[in-house]
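Colleague: One structure is given below, represented as structure tokens, and several questions about it will come after.
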Amino acid sequence: MKTFRFAIKQIIPLLFSYFFVGIAFGILIHKAGYSAQWAFLAGVFIYAGSMQIVMVSLLTSEVSLYMVAIMTFFINARHIFYGIGFVDRFRKMGWRYPYMVLTMTDETYSVRCSIKYPEDVDEQNIDFYIALICHLLWIFSCTIGALLGQIMPFDMTGIEFSATAFFVTVCINQWRLFGSHIPAIAGFVSAIVFYILFGADTFLLPALSVSLVVMMMMKDRIDIQMGGMKCDN
Amino acid sequence: MTIDFGSSVMTLIVVALVTGVTRAIPYLLFGGKKELPAAINYLGNVLPASIMIILVVYCLRNIDLTTFPFGLAELLSVAIVIAAQVVKKNTFLSIFLGTACYMILIHTVFLK
């Protein structure tokens, strides 16, 4: 029970984000003429906010499946980078391993990057609870959005900013925690440079790849700086 | 609106499959029983700092810096999140203040 409560506490910062982005998707797919079952299935099997929203426009246009596959790959390709840090942690989790792999999202990734486990709880159980609760919350929001999103009493435009705000707080925490600021600076600079060069739709992958290359090239320096931090603790 | 049931099902399946495969790629490459390459361990440790800041830029990618209000609502709200987090170190408070600021701004000052 203690583990469960700890997991819930980690999820609180992204409740709004999941809830309202899910509802936004539900409303969209409902408006496109699909029933709540579709929203439910998308929530269960896709579980990727921006991709699901893009899918609604793919459903209503005459795009070939081949193009659908390519677009999905590029929109979700950032997830490849998320997996790199969790291979060792997840593969020890037995039957839960595939589930952990398939339920990694922007939000769960950020939570896992900033989490500090207490000593007397089972880390694997926490990881699993976080994955499961987030997934269920997402499925619920998508379905609710499709069922009664039309009659939401308030204009909630802008609530989606809570996701951005959450990612910003994770950045700040990491800036404090990391001995080396080279990774953060490399990420920021390459994001801005490729944003200017390639525009809003295509800067993500080059930015991620280049910062990865920068970190490989500066490994020695970063290692020394990170090592310095560990000695302080 | 009429929906082609079959092609909708196929679209959903393709999106779900490709999303799953994308998420699984690093595990398929390195997830066996073998020892993890040292380079992957290192990257796993340092990549988060890069990725999170790129993700913030990604969230803000659709603001238009060339026409009014020049992304002021977003940038001001991000500034408030940063200030709150630096001073108070309370994640929930920072998110709450930033989001409230953003919603008030786009519903009052910077109507779209």
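As they're listed, the protein sequences go chains A and B. Numbered per the numbering used here, the first sequence finishes at 233, counting up by one with no gaps. Numbered per the numbering used here, the second sequence finishes at 112, counting up by one with no gaps. For each residue, glycine too, the CB sits at the ideal point set by N, CA and C.
#1: Do residue 23 (chain B) and residue 79 (chain A) come within 7 Å of each other at the CB atom, strictly closer than that value?
#2: What is the DSSP secondary structure of residue 229 (chain A), reduced to helix, strand or coil?
#3: For residue 113 (chain A) and chain B, any beta-carbon pair shorter than 7 Å?
#4: Nearest-angstrom Cα distance between residue 176 (chain A) and residue 8 (chain B)?
#5: Quick one, which residues of the region 187-218 of chain A are near chain B if we go by CB-CB under 9 Å, in chain order?
#6: So what does DSSP say about residue 156 (chain A), is it helix, strand or coil?
#7: Around the C-beta of residue 4 (chain B), are 16 or more other C-beta atoms found within 10 angstroms, so that it is buried, or is it exposed?
#8: Which residues in the same chain have their Cβ closer than 7 Å to the Cβ of residue 139 (chain A), if we skip the five residues on either side of it in sequence?
#9: Looking only at its own chain, which residues have a Cβ that is under 7 Å from the Cβ of residue 214 (chain A), when we skip the five neighbours before and after it?
#10: Could you pull out every residue in the same chain whose Cβ sits closer than 6 Å to the Cβ of residue 94 (chain B), ignoring the five residues on either side in sequence?
#11: Figure out for me which residue from A:76, A:9, A:35 has the closest Cα to the Cα of residue 18 (chain B).
#12: So, helix, strand or coil for residue 176 (chain A), using DSSP?
#13: Measuring alpha carbon to alpha carbon, tell me which residue in A:211, A:181, A:179 is nearest residue 193 (chain A).
#14: Got a sec: is the Cβ-Cβ distance from residue 68 (chain B) to anything in chain A below 7 Å?
#15: Are residue 108 (chain B) and residue 162 (chain A) touching if we call contact CB-CB under 7 Å?
#16: Under 7 Å, do residue 56 (chain A) and residue 14 (chain B) count as touching if we go by C-beta distance?
#17: Find the residues of chain A that neighbour residue 114 (chain B), judging by a C-beta separation of less than 9 Å, and give them in chain order.
#18: For a contact meaning CB atoms closer than 7 Å, what does residue 113 (chain B) contact in chain A?
#19: Name, going along the chain, the residues of the region 35-61 of chain A whose beta-carbon falls closer than 7 Å to a beta-carbon of chain B.
#20: Go ahead and label residue 2 (chain B) buried or exposed: buried means 16 or more other beta carbons lie within 10 angstroms of its beta carbon, across all protein chains shown.
#21: For residue 170 (chain A), is the classification buried or exposed, using 16 other Cβ atoms within 10 angstroms of its Cβ as the cut-off for buried?
#22: Reducing DSSP to helix, strand and coil, say where residue 162 (chain A) ends up.
#23: Does residue 75 (chain B) come within less than 7 Å of chain A when only Cβ atoms are used?
#24: Would you kindly report the start and end of the unbroken alpha helix (DSSP H) that includes residue 30 (chain A)?
#25: Which residue wins for smallest C-alpha separation from residue 59 (chain A), given the options A:84, A:30, A:127?
#26: Residue 73 (chain A) by DSSP, collapsed to three states: which one?
#27: Short check: CB of residue 44 (chain B) to CB of residue 94 (chain A), under 7 Å?
#28: Would a C-beta distance cut-off of 7 Å place residue 139 (chain B) and residue 113 (chain A) closer than the cut-off?
#29: Tell me the DSSP secondary structure of residue 47 (chain B) in three-state form.
#30: Check residue 71 (chain B) in the structure and name its three-state DSSP category.
#31: Quick check on DSSP: helix, strand or coil for residue 50 (chain A)?
#32: Three or more C-beta pairs closer than 8 Å, one from the region 114-121 of chain A and one from the region 96-105 of chain A: is that the case here?
#33: Starting from residue 202 (chain A), follow the alpha helix (DSSP H) in both directions and report where the run begins and ends.
#34: Using only the alpha-carbon positions, how far apart do residue 57 (chain B) and residue 123 (chain A) sit?
#35: Hey, how far is the Cα of residue 26 (chain A) from the Cα of residue 5 (chain A)?
Modeller: Looking at the coordinates:
#1: As a working note, residue 79 (chain A) is residue 79 in the first sequence. As a working note, residue 23 (chain B) is residue 23 in the second sequence. Yes, these two residues count as a Cβ contact at 7 Å.
#2: Indexing the first sequence from 1 puts residue 229 (chain A) at position 229. Note that residue 229 (chain A) scores 44 on pLDDT, short of 50, meaning its location in the model is unreliable; the coordinates nonetheless yield the value given after this. In this structure, residue 229 (chain A) counts as helix in the three-state DSSP scheme.
#3: Your numbering for residue 113 (chain A) matches position 113 in the first sequence. Yes, because at least one Cβ of chain B sits closer than 7 Å to the Cβ of residue 113 (chain A).
#4: Here residue 176 (chain A) refers to the residue found at position 176 when the first sequence is read from its first residue. Here residue 8 (chain B) refers to the residue found at position 8 when the second sequence is read from its first residue. The straight-line gap from Cα to Cα measures roughly 47 Å.
#5: 187, 188, 190, 191, 192, 195, 199, 200, 201, 203, 204, 207, 208, 211, 212, 214, 215, 216
#6: In the first sequence, residue 156 (chain A) corresponds to position 156, counting from 1. In the structure shown, residue 156 (chain A) sits in coil (DSSP, three-state: anything other than H, G, I, E or B).
#7: Reading the second sequence from its first residue, position 4 is the one you call residue 4 (chain B). Looking at its Cβ environment, which holds fewer than 16 other Cβ atoms inside 10 Å, residue 4 (chain B) is exposed.
#8: For the purposes of this step, residue 139 (chain A) is taken as residue 139 along the first sequence, with counting starting at 1. Same-chain partners within the cutoff: 40, 43, 44.
#9: Your numbering for residue 214 (chain A) matches position 214 in the first sequence. Excluding sequence neighbours, residue 214 (chain A) sits near 186.
#10: Taking the second sequence and counting its residues from 1, one reaches residue 94 (chain B) at position 94. Excluding sequence neighbours, residue 94 (chain B) sits near 81, 84, 85.
#11: To locate residue 18 (chain B), count along the second sequence from 1; it is residue 18. The candidate whose alpha carbon is nearest that of residue 18 (chain B) is A:76.
#12: Position 176 of the first sequence, counting from 1, holds the residue named residue 176 (chain A). It is helical.
#13: To locate residue 193 (chain A), count along the first sequence from 1; it is residue 193. For residue 193 (chain A), the nearest C-alpha among the options comes from A:211.
#14: The residue you call residue 68 (chain B) lines up with position 68 of the second sequence. Output row for residue 68 (chain B): interface = no.
#15: Taking the second sequence and counting its residues from 1, the one referred to as residue 108 (chain B) is at position 108. Taking the first sequence and counting its residues from 1, the one referred to as residue 162 (chain A) is at position 162. The answer is no: Cβ separation not under 7 Å.
#16: Stepping through the first sequence from its first residue, residue 56 (chain A) is reached at position 56. Stepping through the second sequence from its first residue, residue 14 (chain B) is reached at position 14. Result no, Cβ atoms of residue 56 (chain A) and residue 14 (chain B) do not sit closer than 7 Å.
#17: Outside the displayed span of chain B (1 to 112) sits residue 114 (chain B), for which this structure offers no information.
#18: The first residue shown for chain B is 1 and the last is 112, placing residue 113 (chain B) beyond what the model contains.
#19: 41, 42, 45, 46, 48, 51, 55, 58, 59
#20: The residue labelled residue 2 (chain B) in the question sits at position 2 within the second sequence. With a pLDDT of only 48 at residue 2 (chain B), under the threshold of 50, the placement of this residue in the model should not be trusted, and no figure is reported.
#21: For this step, residue 170 (chain A) is matched to residue 170 along the first sequence. Counting Cβ neighbours within 10 Å, residue 170 (chain A) comes out buried, since at least 16 surround it.
#22: Here residue 162 (chain A) corresponds to residue number 162 of the first sequence, with the count starting at 1. DSSP places residue 162 (chain A) in helix when its eight states are reduced to three.
#23: Residue numbering aside, residue 75 (chain B) sits at position 75 when the second sequence is read from its first letter. Chain A contact via Cβ: absent.
#24: Your numbering for residue 30 (chain A) matches position 30 in the first sequence. 15-31 is the extent of the alpha helix (DSSP H) around residue 30 (chain A).
#25: If you number the first sequence from 1, residue 59 (chain A) lands on position 59. It is A:30 whose Cα lies nearest to the Cα of residue 59 (chain A).
#26: As a working note, residue 73 (chain A) is residue 73 in the first sequence. Here residue 73 (chain A) sits in helix by DSSP.
#27: Numbered from its first residue, the second sequence carries residue 44 (chain B) at position 44. Numbered from its first residue, the first sequence carries residue 94 (chain A) at position 94. Their beta carbons are not under 7 Å apart, which means residue 44 (chain B) does not touch residue 94 (chain A) by this criterion.
#28: With chain B represented from 1 up to 112, any question about residue 139 (chain B) goes unanswered, as that position is not in the structure.
#29: Taking the second sequence and counting its residues from 1, one reaches residue 47 (chain B) at position 47. Helix, per DSSP.
#30: Walking along the second sequence from the start, residue 71 (chain B) turns up at place 71. The answer is coil: DSSP assigns residue 71 (chain B) none of H, G, I, E or B.
#31: Position 50 of the first sequence, counted from the start, is the residue given in the question as residue 50 (chain A). DSSP places residue 50 (chain A) in helix when its eight states are reduced to three.
#32: no
#33: Translated into the one-based positions of the first sequence, residue 202 (chain A) becomes position 202. Run containing residue 202 (chain A): none; DSSP gives neither H nor E here.
#34: To locate residue 57 (chain B), count along the second sequence from 1; it is residue 57. To locate residue 123 (chain A), count along the first sequence from 1; it is residue 123. Rounded to whole angstroms, residue 57 (chain B) to residue 123 (chain A) spans 31 Å at the Cα level.
#35: Numbered from its first residue, the first sequence carries residue 26 (chain A) at position 26. Numbered from its first residue, the first sequence carries residue 5 (chain A) at position 5. Cα-Cα distance, rounded: 28 Å.
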